[in-house]
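In our numbering, the protein residues as written are 121 to 626.
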């Protein structure tokens, strides 16, 4: 799915490593390379050397932000890294991660993937309590809250546990101090986070398993929803900070975000997308001469679609892989034809043929319209569009960049109307039942398709995001703790309910 204004963006990717004696900065650099697809706005690495934490971050791709000299100047025992595509906060150096904070003389660095839906209220309270902010990101709110509660409890892990009780949303975070690595995840498991082993007491955490592969780590397991992992010289310690809520892994990780070589529940994302294409062919067959996919995420389902119907599979669109970022502002004419900067039709393959074009989703419809036009101009006699996911009708609030609902074409147009808008001969989407049937058996957040949100969305956060007549369904109410004021939580929970925080020396 391509085009700067017509596809969904995941907020970011996180990576963390505990490996004393190794070049943790370079290993983190390689890990971020594997996660670059999750965010291209900024990149950052923080390294703890036993005495302090050093951070290098900036706007740009991983290869643009870090030089060999930068990495050489960051020796250490522990490191975390981050690539960002922002859904919360402006595009600025301050919004780049890891976020730095200080607790007395202890420096912390935090990398966050996801969105906290109650961050605005928490920020306002922290400001009243005298906590300063340098950006408007929810990640900085999390870092500030961890610092505040760590001062209240006297232990960093208690500060993290208390913060997890107060925040609502989808999140996966890695945190580094000078001599330890922490990893923790929201109680629904909305955003992904996995644990890998390098052997000999060396550990890695990452948003996807492909980042474990690149550094030679063996996959161990997912970080459990509501779990806090701490890794230091004493080894790996796990505590269940929150009771797991109903599991709700982001379904769009399978559809689009994750790399094809990432493995989830024992299956590669490639194989799952291939099966999506097969199911789509069973649900919406078409008589055609050639099946093509929109690079990159549309290729595996296109292969599956072609296999199921016995139609030849081939390339019809060539992707230019060197235009991820540009500082050159195109003319209005080029802006209107912006998709041509990234894709070009392979006329020799599509000319004179009835073509099925498979893609992962249609969000606003502008990019799909340009691609269909491009295929027709290359000589295709028919263009049939097949989408290996259901219609995106609802905005996401848990770490995916979606606009207001009125910008989602399937929320305002029928399938036939969308088909007419994009100029296709026919259009079909994979059903939600068909999608779930081919996914690894677990529970998913499919709110972008169904409007059923696993975490309650505050009205202040969702105001103006929904069309009239659309009533979202909140499947779980916000926790009692998250509805307290920070000072009330401190008095009633931290100071009087010691059984609900973990008093383990950090």
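Where a beta carbon is used, it is the ideal one built from N, C-alpha and C, also for glycine.
Are there 16 or more other CB atoms within 10 angstroms of the CB of residue i, so buried, or fewer, so exposed?
i	result
residue 260	buried
residue 615	exposed
residue 373	buried
residue 447	Any reading at residue 447 needs caution, since the residue's pLDDT is 43, under 50, leaving its predicted position unreliable; the model's value is listed next. Exposed, since its Cβ has fewer than 16 Cβ neighbours within 10 Å.
residue 345	buried
residue 442	exposed
residue 449	In this prediction, residue 449 has a pLDDT of 48, which is less than 50 and means its spatial position is unreliable; what the coordinates show is noted afterwards. Burial call: exposed.
residue 589	exposed
residue 314	buried
residue 147	buried
residue 417	buried
residue 325	buried
residue 137	buried
residue 231	buried
residue 609	buried
residue 271	exposed
residue 183	exposed
residue 159	buried
residue 584	exposed
residue 222	exposed
residue 213	exposed
residue 188	exposed
residue 80	Since the displayed the chain opens at 121 and closes at 626, residue 80 lies outside it and no answer follows.
residue 278	buried
residue 528	buried
residue 503	buried
residue 397	buried
residue 139	buried
Check for me: the alpha helix (DSSP H) holding residue i runs from which residue to which?
i	result
residue 200	From DSSP, residue 200 is part of no alpha helix (DSSP H) but of the beta strand (DSSP E) over 198-204.
residue 419	419-429
residue 402	389-403
residue 116	Given that the chain is displayed from residue 121 to residue 626, the structure contains no residue 116 and the question cannot be resolved.
residue 153	144-154
residue 469	467-470
residue 336	Taken as a continuous stretch (DSSP letters only), residue 336 belongs to no alpha helix (DSSP H), as it is neither H nor E.
residue 606	606-609
residue 273	258-273
residue 281	276-286
Smallest Cα separation from residue i: which of the options?
i	options	result
residue 464	383, 349 and 492	492
residue 229	236, 235 and 220	220
residue 534	482, 612, 503 and 494	482
residue 342	312, 580 and 490	312
residue 251	264, 239, 172 and 241	264
residue 509	267, 531 and 566	566
residue 297	167, 600 and 584	167
residue 552	371, 317 and 478	371
residue 428	412, 395, 409 and 165	395
residue 581	226, 236, 506 and 528	236
residue 432	134, 476 and 392	476
residue 494	462, 506 and 484	462
residue 519	563, 501, 550 and 573	573
residue 243	352, 516, 268 and 140	268
residue 327	283, 350 and 378	378
residue 496	474, 607, 302 and 605	474
residue 389	408, 201, 214 and 421	421
residue 597	340, 355, 577 and 156	577
residue 359	284, 407, 409 and 340	284
residue 550	561, 338, 352 and 569	569
residue 205	198, 156 and 225	156
residue 152	134, 140 and 216	134
residue 459	470, 351 and 487	487
residue 347	501, 149, 275 and 281	281
residue 501	472, 595 and 356	472
residue 513	408, 541 and 591	591
With residue i as the anchor, note down where its beta strand (DSSP E) starts and where it stops.
i	result
residue 438	437-439
residue 175	173-179
residue 477	474-479
residue 322	322-326
So is the beta-carbon of residue i under 8 angstroms away from any non-hydrogen atom of the ligand ADP?
i	result
residue 270	The model on display carries no ligand, and the ligand ADP is accordingly not part of it.
Whether or not the segment 180-198 and the segment 236-249 are in contact is what I'm after, with contact meaning three or more pairs of Cβ atoms, one per stretch, closer than 8 angstroms; do they touch?
These segments do not touch.
Can you give, in chain order, each stretch of the alpha helix (DSSP H) that sits fully within the segment 295-319 and has at least 4 residues?
Runs of the alpha helix (DSSP H) inside the segment 295-319: none found.
Should the segment 331-346 be called in touch with the segment 546-554, which here means at least 3 C-beta pairs below 8 angstroms?
Verdict: no, contact absent.
Taking one C-beta from the segment 427-441 and one from the segment 459-475 each time, how about it: are there three or more such pairs within less than 8 angstroms?
Output reads yes: the segment 459-475 touches the segment 427-441.
Mind the definition here: the segment 513-532 touches the segment 379-386 only if three or more C-beta pairs lie below 8 angstroms; say whether that holds.
No: the two stretches stay apart, fewer than three of their Cβ pairs being nearer than 8 angstroms.
Under 8 angstroms: do the segment 303-316 and the segment 278-295 share three or more Cβ pairs, one atom per stretch?
Yes, the segment 303-316 is in contact with the segment 278-295.
In the segment 353-387, which residue ranges form an unbroken beta strand (DSSP E) of at least 3 residues, counting only runs that do not cross its ends?
Entirely contained in the segment 353-387, the beta strand (DSSP E) runs reaching 3 residues are, in chain order, 355-360.
Three or more C-beta pairs under 8 angstroms: does that hold for the segment 176-186 against the segment 351-365?
Short answer: they don't touch.
Quick check: the segment 310-324 against the segment 398-406, are there 3 or more CB pairs under 8 angstroms?
The segment 310-324, when compared against the segment 398-406, does not touch it at the 8 angstroms Cβ threshold.
Mind listing, in chain order, the continuous alpha helix (DSSP H) runs of no fewer than 4 residues lying wholly within the segment 503-579?
Qualifying alpha helix (DSSP H) stretches, in chain order: 529-532, 535-542, 552-558 and 567-570.
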